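Enquirer:
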Amino acid sequence: MYLNLSIFLNIFIITSYFIGIEVKKRMLIAAFKEVKDIGKRVARVLNAEYTTIDVKDFPDSEFHLKLHKNPRHKNIVIMNSMTKDPDEKIIETLLACGIAKDYGAKKVILVATYLPYMRQDKHFEKYDSFSSKHILRLFNEFDEIIAIDPHLHRIKRLSQLSKKARSISVDEVVADYIRRNFKEDFEIIGPDSESRQWGAVIAKMLGKKVIIMNKKRFGDYKVKQEKIKLDSGKEYLIIDDIISTGKTISGVLEMARGQEC
1273 MYLNLSIFLN IFIITSYFIG IEVKKRMLIA AFKEVKDIGK RVARVLNAEY TTIDVKDFPD
1333 SEFHLKLHKN PRHKNIVIMN SMTKDPDEKI IETLLACGIA KDYGAKKVIL VATYLPYMRQ
1393 DKHFEKYDSF SSKHILRLFN EFDEIIAIDP HLHRIKRLSQ LSKKARSISV DEVVADYIRR
1453 NFKEDFEIIG PDSESRQWGA VIAKMLGKKV IIMNKKRFGD YKVKQEKIKL DSGKEYLIID
1513 DIISTGKTIS GVLEMARGQE C
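Converting from the sequence shown to my numbering requires adding 1272 to each position, the first position being numbered 1.
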């Protein structure tokens, strides 16, 4: 269900963004294989052309990319989810932009269903990397950068990192999905402070109580989570933007089950 819901949310928010704006004229949706189902359905809704971006490896592991439709004089929307091997996905995305530019695309837009390296949004330690600032600069050849619910915390808007960049959110779509599918009384849990921007907003849309927990991280795999009192027998929905190791979510589930929720 998670995969189908994720696809639906991405299709809905992407098409909603493009419908009614001039860029949909002579539009070509070019999607990498991981998001080709989303790309095809977005193209169908927008009555746009579609192509899947081919990616092959040379013997030395360098990439070779190819489009199967001519981008000349068209508005090209390159879609990719740069989760799982984000370093490789970034290179692939940049090469795809280069193809579109080389062959005369009118405008090249990146739609990232997941934009990596956003969590490092400041220098946390002396001499460590401020990743989000420098990674986003790599995409400057794109005319526009659109990210779906990027992992922003201390930086509130993508435009603070790049004037070409903006984010779109699925908050309203998630709230509508919950409203139609969860009829029993429930409360919403945000498993850490960074989840507030999603959990609190969606809870307000639904008129529900929200509990935002605190946690302290001692490394990539060690997390100490705040213990909170829950009502036995009550339903709780956990809302967070990203699952990496799963430690945070599993900690909330263990706590809730321990209180017979």
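Ideal Cβ positions, reconstructed from N, Cα and C, are used throughout, including at glycine.
Being a predicted model, the structure only gives us computed values, none of them experimental.
1) Suppose you measure from the CA of Met-1527 to the CA of Lys-1394; what does that come to, to the nearest Å?
2) Compare the C-alpha of Lys-1435 against each of Pro-1388, Ala-1320, Glu-1413 and name the closest.
3) Any beta carbon of chain E sitting closer than 9 angstroms to that of Ser-1439?
4) Using only the alpha-carbon positions, how far apart do Ala-1384 and Phe-1458 sit?
5) State the CB to CB distance for the pair Met-1354 and Leu-1387, rounded to an integer number of angstroms; the pair is presumed to be in contact (CB under 8 angstroms).
6) For the segment 1448-1457 against the segment 1496-1503, are there 3 or more C-beta pairs whose distance is under 8 angstroms?
7) Does the separation of the CB atoms of Ile-1461 and Ile-1440 fall below 9 angstroms?
8) Taking DSSP as the reference, what is the three-state secondary structure of Leu-1387?
9) Between which two residues does the beta strand (DSSP E) harbouring Gly-1558 extend?
10) I need the straight-line Cα distance from Gln-1531 to Asp-1332, nearest angstrom please.
11) Between Leu-1366, Ile-1348, Lys-1361, Ile-1325, which lies nearest to Gly-1376 when the distance is taken from Cα to Cα?
12) Can you check which of these residues, Pro-1343, His-1345, Lys-1338, Ile-1381, is closest to Cys-1364 by C-alpha distance?
13) Three-state secondary structure (DSSP) at Arg-1468?
14) Please go through the same chain and pick out, in chain order, the residues whose beta-carbon is closer than 7 angstroms to the beta-carbon of Val-1307, but skip the five residues on each side of it.
15) What's the call for Glu-1466, buried or exposed, on a 16-neighbour Cβ count within 10 Å?
16) Considering only residues of the same chain and omitting the five flanking positions on each side of Phe-1402, which have a CB-CB separation below 8 angstroms?
17) Work out the CA separation of Asn-1342 and Leu-1430 for me, nearest whole Å.
18) When DSSP labels each residue in this structure, what does Lys-1487 get in the three-state scheme?
19) Short of 6 angstroms in beta carbon distance, which residues of its chain neighbour Asp-1512, apart from the five on each side in sequence? Order them along the chain.
20) Report the partner residues of Leu-1337 according to the DSSP bridge assignment.
21) What does DSSP give as the partner residue(s) for Asn-1352 in the beta ladder?
22) For Tyr-1289, which residues from the same chain have a beta carbon less than 6 angstroms from its beta carbon, with the 5 sequence-adjacent residues on both sides left out?
23) Span of the alpha helix (DSSP H) holding Tyr-1449?
Expert: So, to answer that:
1) 31 angstroms
2) Glu-1413
3) The chain inventory of the structure shown lacks chain E, comprising one protein chain alone.
4) 32 angstroms
5) 6 angstroms
6) no
7) no
8) coil
9) Because the chain in this structure spans residues 1273 to 1533, residue 1558 falls outside the shown range and cannot be described.
10) 54 angstroms
11) Ile-1348
12) Here the sequence assigns Glu to residue 1364, which means Cys is not the residue at that position. Selected option, being the one with the closest Cα: Lys-1338.
13) helix
14) Met-1351, Asn-1352, Ser-1353, Thr-1385
15) buried
16) Gln-1392, Asp-1393, Lys-1394, His-1395
17) 31 angstroms
18) strand
19) Pro-1463, Ser-1467
20) Val-1327
21) Ala-1384
22) Ile-1440
23) 1443-1453
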